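Novice: I have a structure here, written as structure tokens, and I will follow up with some questions on it.
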Amino acid sequence: HRARIDFDRRFTVAEVPERLFGSFVEHLGRCVYTGIYEPGHPTADAGGLRRDVLDLVAELGPTMIRYPGGNFVSGYRWEDGTGPKADRPRRLDLAWGVTETNQFGLGEVIRFCRTVGVEPNMAVNLGTRGVQEALDLLEYANHPSGTHWSDLRRSHGDEEPYGIKLWCLGNEMDGPWQIGQRTATEYGRVADQTARAMRMIDPGLDLVACGSSSRAMPTFGEWEAEVLAQSYESVDYISAHAYYQPQDGDVASFMASAQDMELFIDGVIATADAVGAKLKSDKKIDISFDEWNVWYQSAPTGERPEPWAEAPRQLEDVYSAMDAVVFGSLMITLLRRSDRVTAACLAQLVNVIAPIMTEPGGPAWRQTTFFPFAEASKFGRGTVLAVNAEGPTFATAKFGEVAALHSVAVANEDGSVTVFAVNRDLEHPLTLTVDASSLGGFGEVTCSTLTDADPDAKNTLADPERVAPAVNGSVVVEGGTVSVELPAMSWNTIRFL
Ligand code: AHR
């Protein structure tokens, strides 16, 4: 099987948004407790952050962290996670059926973000709470001093305001599982009212209205249209969430999951632009794809936690080589659509459907999905180029014939060009020819490839380095053309230096 692509530096799609490489820390399972935060761990710093995890997060390269949920936020009182730790209340977390100790909260997550050097993306509770509590949180976080909430923050030891610019107005408010679920009209109004009031404190905020929890929601489309009809001029983004897994053993469709993500993005943009057109607005609403990943939702991992346990193991999916390739294809989609998807968060960061795993008191290691994200964040900066592609297809039950090759090219700031390419075909290798003659010459060409003869190969506590990218030695350069063998089911990073 053979495929070819070409691109030209002059034909650009968009600058890669800084916020495209976000991740997500929810109070869920062991994402926070024994994930990023574990006082007493041999590597913990003075504030209880695990240094081994901080090192892996730095290598992963997220640019933004969404916090504190997720479903958790819809029952959360943000004040509980502030002030002296001994005084913080223990609460029932109804979203996940556990006990929240509140030993980690707003000040701690800001310290985490500052240590890693990433932007915080804060969600407000529009499930059990509303406009006033969102304003209190914003005042506590961002107002310099001289008011009740800002002086309370200072009394808690944080003299400098947190300067949080990006805010999510609730989470998945369309979902029947969400505490305080609302209709689109109810939510659209409260999102608009909250946004407008928050802008009275700071007009420069970037605000995300909740879109659909997935493209499969029965209200998808109508939800976006109604929420934006209510809030178009007061918000900047509409969110999208998507999780993929093989259904009924249909791995071919699973390999093509990015088709669904593409259709989702198309649908949300069309709907948002239709609302804008009706309103005769020249403003455009972008997508914040603030939860995306592979997630084996129908096969929950581990045992059911004891009711009201503290930080039990929940959603600890262990990812395979195949999962990493699908994940890479989702990352390629986000890059390809970064003209309108200008923020995104890999859900989540540690232990909970995450690229990084830890053991309490023990080591931390990289899941298979760690690598496509890390390479995309490291080499996917600069300008996305339009790619022309030709090649074979494979049959899927859900999406019909789908191109085996899924790729994107990024002109990097240092003059190099990076092509990310996935071979989604599970059986056939692809000989990829890249016509890079438009680059007018280039130096060395390298290719790193993640694949495995066993699609189910995983990195585990016992064997943490089983799956990793390796140098692909098949690169052949002939003038302005490069060819490289892409194994069946592979994620590839090709660099023109
Ligand atoms: O990321 C796990 C959960 O998935 C989040 O809490 C929720 O927003 C989504 O349904």
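Converting from the sequence shown to the UniProt record's numbering requires adding 4 to each position, the first position being numbered 1.
Think of the CB as a built atom: it goes at the ideal place given N, C-alpha and C, for glycine as much as any other residue.
For clarity, every value in this text was computed on a predicted model and none was experimentally measured.
(1) As a quick exercise: from V479, D196, E104, pick the residue whose alpha carbon is nearest that of V231.
(2) Where do the N-terminal and C-terminal ends of the alpha helix (DSSP H) with G192 fall, by residue?
(3) For a test of the three-state rule: what should DSSP assign to F293, helix, strand or coil?
(4) Give the secondary structure of D240 by DSSP, where H, G and I count as helix, E and B as strand, and everything else as coil.
(5) Between the alpha carbons of D240 and C172, how many angstroms are there, rounded?
(6) Going by the CB atoms, is the gap between T497 and E310 shorter than 7 Å?
(7) For H152, which of helix, strand or coil comes out of DSSP?
(8) So which of L110, F76, N129, D12 has the shortest CA-CA distance to Y144?
(9) Which residue comes first and which comes last in the alpha helix (DSSP H) that contains N416?
(10) So, is N175 buried or exposed, given that buried needs 16 or more other C-beta atoms within 10 angstroms?
(11) Quick one: Cα of D327 to Cα of S333, how far?
(12) Rounded to a whole number of angstroms, what is the C-alpha to C-alpha distance between S441 and D49?
(13) Does the contact criterion of 3 or more C-beta pairs under 8 Å hold for the stretch 256-265 versus the stretch 312-319?
(14) Per DSSP, W495 is paired with what?
(15) Please classify Q136 as buried or exposed, where buried requires at least 16 other C-beta atoms within 10 Å of its C-beta.
(16) Could you round the C-beta distance between E123 and L64 to whole angstroms and report it? I think they count as a contact, below 8 Å.
(17) Would you kindly report the start and end of the unbroken beta strand (DSSP E) that includes V481?
(18) Going by DSSP in three states, K284 sits in which element: helix, strand or coil?
(19) Mind checking who A18 pairs with in its DSSP beta bridge?
(20) Give me the residue from F424, N476, R317, L465 with the minimum Cα distance to L32.
(21) For G419, is the beta carbon positioned less than 6 Å from some heavy atom of the ligand AHR?
(22) For A368 and T362, I'd like the C-alpha separation in whole angstroms.
(23) Should N125 be listed as close to the ligand AHR, given that the test is whether its C-beta is under 6 Å from any heavy atom?
(24) Indicate the three-state DSSP secondary structure (helix, strand or coil) for K169 in the structure shown.
(25) List the residues that DSSP assigns as beta-bridge partners of V449.
(26) Is it right to say N355 is buried, meaning 16 or more other beta carbons lie within 10 angstroms of its own, or is it exposed?
(27) Can you tell me where the beta strand (DSSP E) holding S487 begins and where it ends?
(28) Can you tell which of S154, Y37, L53, T47 has its C-alpha closest to the C-alpha of T103?
(29) To the nearest angstrom, how far is the alpha carbon of R470 from that of V194?
(30) Specify the secondary structure class of A348 as computed by DSSP and reduced to three states.
(31) Flag G74 as yes when its Cβ comes closer than 6 Å to any non-hydrogen atom of the ligand SAH, and as no otherwise.
(32) Using 10 angstroms around the beta-carbon of W181, count the other beta-carbons present and answer buried if the total reaches 16, otherwise exposed.
(33) Between A425 and the ligand AHR, is the CB less than 6 Å from at least one heavy atom?
(34) Take P93 and list the residues in its own chain whose beta-carbon comes closer than 7 Å to its own, dropping the five residues that flank it on each side.
(35) How is K402 classed by DSSP in three states: helix, strand or coil?
(36) Can you give the beta carbon distance from A413 to F11, rounded, assuming they're within the 8 Å contact cut?
Specialist: Inspection of the coordinates gives the following:
(1) Translated into the one-based positions of the sequence shown, residue 231 becomes position 227. Comparing Cα positions, the closest option is D196.
(2) Here residue 192 corresponds to residue number 188 of the sequence shown, with the count starting at 1. That run of the alpha helix (DSSP H) goes 188-205.
(3) In the sequence shown, residue 293 corresponds to position 289, counting from 1. Three-state DSSP puts F293 in a strand.
(4) Looking up residue 240 in the sequence shown gives position 236. Coil, per DSSP.
(5) For the purposes of this step, residue 240 is identified with residue 236 of the sequence shown, where counting begins at 1. For the purposes of this step, residue 172 is identified with residue 168 of the sequence shown, where counting begins at 1. Approximately 10 Å between the Cα atoms of the pair.
(6) Within the sequence shown, the letter at position 306 stands for residue 310. Within the sequence shown, the letter at position 493 stands for residue 497. Contact flag unset, no.
(7) The sequence position of residue 152 within the sequence shown is 148, counting from 1. If DSSP states are grouped into helix, strand and coil, H152 belongs with the helices.
(8) Locating residue 144 in the sequence shown gives position 140, counting from the first residue. Answer by Cα proximity: L110.
(9) Along the sequence shown, one-based indexing puts residue 416 at 412. That residue, N416, is in no alpha helix (DSSP H); it is neither H nor E in DSSP.
(10) Counting from 1 along the sequence shown, the entry for residue 175 is found at position 171. N175 is buried by the Cβ-count criterion.
(11) For the purposes of this step, residue 327 is taken as the residue at position 323 of the sequence shown. For the purposes of this step, residue 333 is taken as the residue at position 329 of the sequence shown. Their Cα atoms are separated by approximately 10 Å.
(12) Residue numbering aside, residue 441 sits at position 437 when the sequence shown is read from its first letter. Residue numbering aside, residue 49 sits at position 45 when the sequence shown is read from its first letter. Whole-angstrom Cα-Cα distance: 50 Å.
(13) no
(14) If you number the sequence shown from 1, residue 495 lands on position 491. Looking at the DSSP assignment, W495 forms a beta bridge with V426, L454.
(15) Taking the sequence shown and counting its residues from 1, one reaches residue 136 at position 132. Classification for Q136: exposed.
(16) Start at 1 with the first residue of the sequence shown, and residue 123 comes out as number 119. Start at 1 with the first residue of the sequence shown, and residue 64 comes out as number 60. About 15 Å; that fails the 8 Å criterion.
(17) As a working mapping, residue 481 is identified with position 477 in the sequence shown. V481 -> beta strand (DSSP E) spans 480-482.
(18) Counting from one through the sequence shown, the residue named residue 284 turns up at place 280. Coil at K284, not helix or strand.
(19) Position 14 of the sequence shown, counted from the start, is the residue given in the question as residue 18. BP columns for A18 point to V388.
(20) Against the sequence shown, residue 32 aligns to sequence position 28. Checking every option, the nearest Cα to that of L32 belongs to R317.
(21) Walking along the sequence shown from the start, residue 419 turns up at place 415. No; taking the cut-off as 6 Å, the Cβ of G419 has no heavy atom of the ligand AHR nearer than that.
(22) The sequence position of residue 368 within the sequence shown is 364, counting from 1. The sequence position of residue 362 within the sequence shown is 358, counting from 1. The straight-line gap from Cα to Cα measures roughly 4 Å.
(23) The residue you call residue 125 lines up with position 121 of the sequence shown. No, the ligand AHR has no heavy atom inside 6 Å of this Cβ.
(24) Residue 169 sits at position 165 when you count from the first residue of the sequence shown. Here K169 sits in coil by DSSP.
(25) For the purposes of this step, residue 449 is taken as the residue at position 445 of the sequence shown. Its beta-bridge partners are F500.
(26) Locating residue 355 in the sequence shown gives position 351, where the first residue counts as 1. N355 comes out buried.
(27) By 1-based counting over the sequence shown, the position of residue 487 is 483. Here the beta strand (DSSP E) through S487 covers 485-490.
(28) Locating residue 103 in the sequence shown gives position 99, where the first residue counts as 1. Nearest C-alpha to T103: Y37.
(29) What you label residue 470 is simply residue 466 of the sequence shown in a count that begins at 1. What you label residue 194 is simply residue 190 of the sequence shown in a count that begins at 1. So the alpha carbons of these two residues sit roughly 48 Å apart.
(30) Start at 1 with the first residue of the sequence shown, and residue 348 comes out as number 344. Strand, per DSSP.
(31) With respect to the ligand SAH, the structure shown offers nothing to examine, as its ligands consist of the ligand AHR.
(32) Taking the sequence shown and counting its residues from 1, the one referred to as residue 181 is at position 177. Classification of W181: exposed, given that the 10 Å Cβ count is below 16.
(33) Numbered from its first residue, the sequence shown carries residue 425 at position 421. Incorrect: A425 has no Cβ contact closer than 6 Å to the ligand AHR.
(34) On the sequence shown, residue 93 is found 89 positions in, with the first residue counted as 1. Closer than 7 Å at the Cβ level, and outside the excluded window around P93, lie D84, N106.
(35) By 1-based counting over the sequence shown, the position of residue 402 is 398. Looking at K402 - three-state DSSP - the assignment turns out to be coil, as it is neither helix nor strand.
(36) To locate residue 413, count along the sequence shown from 1; it is residue 409. To locate residue 11, count along the sequence shown from 1; it is residue 7. Indeed, because the Cβ distance is near 4 Å, the residues count as touching under 8 Å.
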